[in-house]
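For the sequence shown, counting from 1, position 966 maps to 995 in the working numbering; every step adds exactly one. Take a look at the structure below.
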Amino acid sequence: MTKFRNDAWTPSAIALAIGLCATSPALAQDAAPAAQTEDEIVIKGFRKSLSDSLDQKREETGVVDTILAEDVGKFPDSNLAESMQRIPGVALARGDGGEGKTIAVRGLGAQFTRVRLNGMQGSSGTNSSDIRAGFNTSRSFDFSVFASELFSQLTVRKTYSADIDEGSLGATVDLQTPRPLAYGQDFTFAASAQGTYDDLGGKVSPRVTGLISKKFLDGTFGVAASIAYTKRHTREEAWSAVEMYRGTQQGGFCSPVGYPTQNPGNNATIGTDALNCATGLPRLPGTAANNATYEAARSAFIYRSPRWLRSEQDYSRLGATVTLEAEPAEGTKFALDALYSRYDVTRTDYSFAANSFARGTNNHGQPITSVVEIAVNPLGSIDYGRFNGVDISNDTARREYTTTFRQVNATFSQELGKLTIDGYVGLSYSTMHNPVSTQISFFANDVTNFSYDFRGGGSVPVINWGFDTTNANNFLFAPNVAGGGVTIFRNLLNKGDNKEDTENLTTEFNATYALFDGLKVRAGVQYREANYEKYSRSRAGNVTTGALPAGTALSSVMMLIDDFGSSMPGNVGGSWLAPDYEAIDRLINFTNDVDGTYALAAIPVSDQLREAVTGAYGMVEFDTDALPVRLRGNIGVRYVHTRQSGRGSVAGVSSVLTREYDDWLPSATLTADITDKLILRLAAAKVMARPELNHILPAGVNIALNTRTISGPNFYLEPIRAKTVDASLEYYFGQRGLISIGGFYKDIDSYIQALSTSMPFNQTGLPLSLIAGSGWTGTDEFTVSTRQNTPGGPLKGIEVNLQTGFDFLGDAFRNFGMLANYTFVDSQITYCLRSSQACTGANTTVRDLVNLSKHTVGGTLYYEDDKFSVRGSATYRDKYLLSVPTSRIDTATVPGTVLNDVQGAKSTVFVDAVISYQVTPQISVRLEGQNLTNEAIEYYYDSVRQDPYYTGFTGRKFTAGVAFKF
């Protein structure tokens, strides 16, 4: 496998180049002062950024939006994803702690958007907490890895031309680090320091940034370096239930005495007979009311694991850039860029869950549980339930991971009369290493009078655990008990380690020849190579722990989780004692990965994938005033040849596969400057997006024993291909005024969907050793998921954008202004329901595209003068789907049917504000507020029932800082 890695290239090399410099490019990217007439009003700061961005947008051929450095640095954002919310058509997905992680453009999620760093396609992988599952890997780009201060310009390209890298259906996002020759002054130095207060976590976190730039040789050579460091603590609290089941899904409930069909059947080992669900758990009396409640619960929908969750996250983020730029002669340009980022995360998730509803008879689960009383809503979901014989899982999960990104790239261009040549070479390396992924579980088994209650309204239930959750004597951490085909969990200690590496190489050469004024021919060739590797390992006997040393009091290895739910509406929280990670480790040394009881298995041979893309394009660019209106644009075609090869293994059996395919991607753009203020843009193209690299490994399997799910890759996935058409009408007025409306249509020829089917583990073809020690057997049902190409469908929408100053209201309002945008997107995607049948007829459903919000709205009101600036921003994102259909398959009531047709997210409104004051020409102070309304993130199951299964709060963030520039 080809490797480009250079371990000698460390962050210290960049640090030495930077020295002691510091600051945000947003505070330093000042253009050279223009000549000023007596009556001219000179704008600067945020207003100048808007004006310059509109100038760039106006001169673009396609539909392009740009944010310049002053704008990025002065928005109340932690990263670039949050800055992009005010661009029409861009919706933000937030991750742990409420920070922006990925974007969806025109309804198309992160996997459809390519991000280029200094002209090179980038990838940045991260992990995620248990509080809200999910992570980004291989091609997808996680913006939380990078500080916004590292970049001077952000560009979102929504239309396509032949000279732009393929791989995107939504947009191509270009991030540019500072270039020294772009600064107006020979020397620029700036620094800033901030402190951020998290009102939910109750801590203050530092953030420092810096930039230095210097020109030499009469402005023909320059060096720029920037650095940004953040150390932050965040807290997130949530109610969660993981999934929705039918009451019969895990084998039903314990039937009352004398019910015609006894459930569960007699089992002397655990004390199950006609009068007892299990030892110490008598069946309910066989009254008519109890029988009716039992029958109602069997057919109703119940939450799989009602639980409280608190996530504590500590992370540090270090980023640095160095750029050398030269223009030694007229028409000759050269630049060398280096970019480094390191994102270190330590996160501890505390969860307190009723787990019996997630377990079957073999694990002493739901069939041992009696239904005391329930209230079922008209749609069939249990809004209120009180139960006996419930096992409570008390978990502490620790995850530590580091994402490191390094890139170096060089560009050159040379004008040779009518001919201009340019070239590019770049190399990047991204790694996500998660060496610590540990879960420790204490148990409180056979609890009576457990209940959850939604009858008061809202999306967070009132939970009564049925016992004193702050008394350590009520918990167990002891050897599991097995017998009679049943395992009774009394402890759990899982450990894992996984790592993913992605290396990218890009080389290209382009030539442009001016045939005559207004007509150019441009052609180029490109070679890109991606090398992806991953491995994962766990502890042998992952669910068998043992016991604490004799005489250990549980109170000595537990810690108080207090005041849970303080951020949530209503009286829905409480406190509990949780396993103390460090205290338990001091006793049994479970963090020893090398040898002993808790050692991890040896690092396995990595699964690998190599993707080589060879491309070439040709296009004609035109710009003419010969007609009554100015016409400009391009027409061309791009050819790409993709070759993929890789190796993967399951249970020690390796598989090596290779494949190739070709794509021809024509594109055309026409822009008409109808007047000096009115512009019409038209564009059409054929586009494609390849599957995520980890989805097309030749082999490999992920097994989640707690949810009995199996997922694996599919090497033969085809790219998602589409045909697109765009039209936009833009009216410019004043220095910072724009009214635009645009329409777009995408005919998505094919889609990639995760499909599920349910089957006994012994029919999957996987060895039973993979579930050894888990309590599950070969006859237990598992939900098996894999990705397949499925029919696509149309996607269409409109974008409306308004930017204006209030100058037209008179001098008193000339410092005021607003930004507003609205996007509507509609899609009709055909999804398959089951992998075991042909994707036609009754085995299909038509839904919106996953991650698509039909309506998104953004708005900003601002005031800015020479000293004082204030802005308030609000963004609305409509509800959207997370998966179609969900992974859970009914195995009891109506076998083979999908229990929940969709998994979705509810709409959100986030409100932010920033105030700044220029104390002196060199010093400014700044105050920011994020998520001022403490907006919740809410997920639900099923389009009709809309059962709320996750509601999380991240709290408000307040930042105060000072900046200096010279």
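Glycine included, every Cβ here is placed at the ideal spot set by N, Cα and C. This one's a predicted model, so the numbers in the text were calculated from it and none came from an experiment.
{"Asked": "On a CA-only basis, which of 901, 713 and 641 is nearest residue 556? Give me that one, please.", "Found": "641"}
{"Asked": "Return the CA-CA distance between residue 294 and residue 856, expressed in angstroms with no decimal places.", "Found": "49 Å"}
{"Asked": "Are the beta-carbon atoms belonging to residue 990 and residue 223 less than 8 Å from one another?", "Found": "yes"}
{"Asked": "Locate the alpha helix (DSSP H) running through residue 960, then write down its first and last residues.", "Found": "Here residue 960 belongs to no alpha helix (DSSP H), and DSSP marks it neither H nor E."}
{"Asked": "Would residue 739 pass as a contact of residue 813 if the rule is Cβ separation under 8 Å?", "Found": "yes"}
{"Asked": "Under a three-way DSSP split, which group does residue 393 fall into?", "Found": "coil"}
{"Asked": "Please list the segments of the beta strand (DSSP E) lying wholly inside the stretch 109-155, counting only runs of 3 or more residues, in order along the chain.", "Found": "119-123, 129-134 and 142-146"}
{"Asked": "How close, in whole Å, do the beta carbons of residue 83 and residue 767 come, if the pair is a contact with beta carbons under 8 Å?", "Found": "6 Å"}
{"Asked": "With distance defined between alpha-carbon atoms, name the residue in 212, 240, 213 and 147 nearest to residue 201.", "Found": "147"}
{"Asked": "For a cutoff of 8 Å on Cβ pairs, would you count residue 659 as touching chain B?", "Found": "The structure shown contains no chain B; it is built from a single protein chain."}
{"Asked": "Check this for me: beta carbons of residue 962 and residue 948, under 8 Å apart or not?", "Found": "no"}
{"Asked": "Determine the contact status of residue 197 and residue 282, defining contact as a CB-CB distance below 8 Å.", "Found": "no"}
{"Asked": "Which full runs of the alpha helix (DSSP H) of 4+ residues lie inside the stretch 701-748, going along the chain?", "Found": "none"}
{"Asked": "Looking at the structure shown, is residue 987 part of a helix, part of a strand, or coil, going by DSSP?", "Found": "strand"}
{"Asked": "Could you tell me the distance, in whole angstroms, from the CA atom of residue 914 to the CA atom of residue 786?", "Found": "11 Å"}
{"Asked": "Could you name the residues of the same chain whose beta carbon sits closer than 7 Å to that of residue 310, not counting the 5 residues immediately before and after it, in chain order?", "Found": "397, 417, 418 and 475"}
{"Asked": "If contacts are defined as beta-carbon pairs under 8 Å, then residue 470 and residue 424 qualify, I think. What distance do you get, rounded to the angstrom?", "Found": "5 Å"}
{"Asked": "Among the candidates 350, 687, 276 and 136, whose CA atom is the shortest distance from the CA of residue 885?", "Found": "136"}
{"Asked": "What did DSSP end up calling residue 482 once you bin it into helix, strand or coil?", "Found": "strand"}
{"Asked": "What is the residue span of the beta strand (DSSP E) that residue 203 lies within?", "Found": "200-205"}
{"Asked": "Roughly how many angstroms lie between the CA atoms of residue 606 and residue 267, to the nearest whole one?", "Found": "17 Å"}
{"Asked": "Just how far apart, CA to CA, sit residue 305 and residue 316?", "Found": "16 Å"}
{"Asked": "Counting beta carbon pairs with one atom in the stretch 742-759 and one in the stretch 807-823, are three or more of them shorter than 8 Å?", "Found": "yes"}
{"Asked": "Under 8 Å, with one C-beta from each stretch per pair, do the stretch 283-290 and the stretch 370-380 reach the 3-pair mark?", "Found": "no"}
{"Asked": "Have a look at 810, 143, 118 and 638 and flag the residue whose alpha-carbon is nearest the alpha-carbon of residue 727.", "Found": "638"}
{"Asked": "Go to residue 322, then tell me how far its alpha helix (DSSP H) extends in each direction, as first and last residue.", "Found": "317-328"}
{"Asked": "Does DSSP put residue 669 in a helix, in a strand, or in coil?", "Found": "strand"}
{"Asked": "Suppose you measure from the CA of residue 798 to the CA of residue 624; what does that come to, to the nearest Å?", "Found": "21 Å"}
{"Asked": "Here's the rule I'm using: 16 or more other beta-carbon atoms within 10 Å means buried, otherwise exposed. How should residue 621 be labelled?", "Found": "exposed"}
{"Asked": "Skipping 5 residues on each side, what residues in its chain have a beta carbon closer than 6 Å to that of residue 21?", "Found": "The question about residue 21 has no answer here: the residues shown for the chain are numbered 30 through 995."}
{"Asked": "Please name the residue in 208, 965 and 635 whose C-alpha comes closest to that of residue 684.", "Found": "635"}
{"Asked": "When the Cα atoms are used, what is the spatial distance from residue 654 to residue 700?", "Found": "12 Å"}
{"Asked": "Are the stretch 392-412 and the stretch 442-461 touching by the rule of at least three beta carbon pairs closer than 8 Å?", "Found": "no"}
{"Asked": "Among 782, 677, 862 and 647, whose alpha-carbon lies nearest the alpha-carbon of residue 668?", "Found": "647"}
{"Asked": "In this structure, how does DSSP classify residue 691 when only helix, strand and coil are distinguished?", "Found": "strand"}
{"Asked": "Inspect the beta-carbon positions of residue 771 and residue 789 and report whether they are closer than 8 Å.", "Found": "no"}
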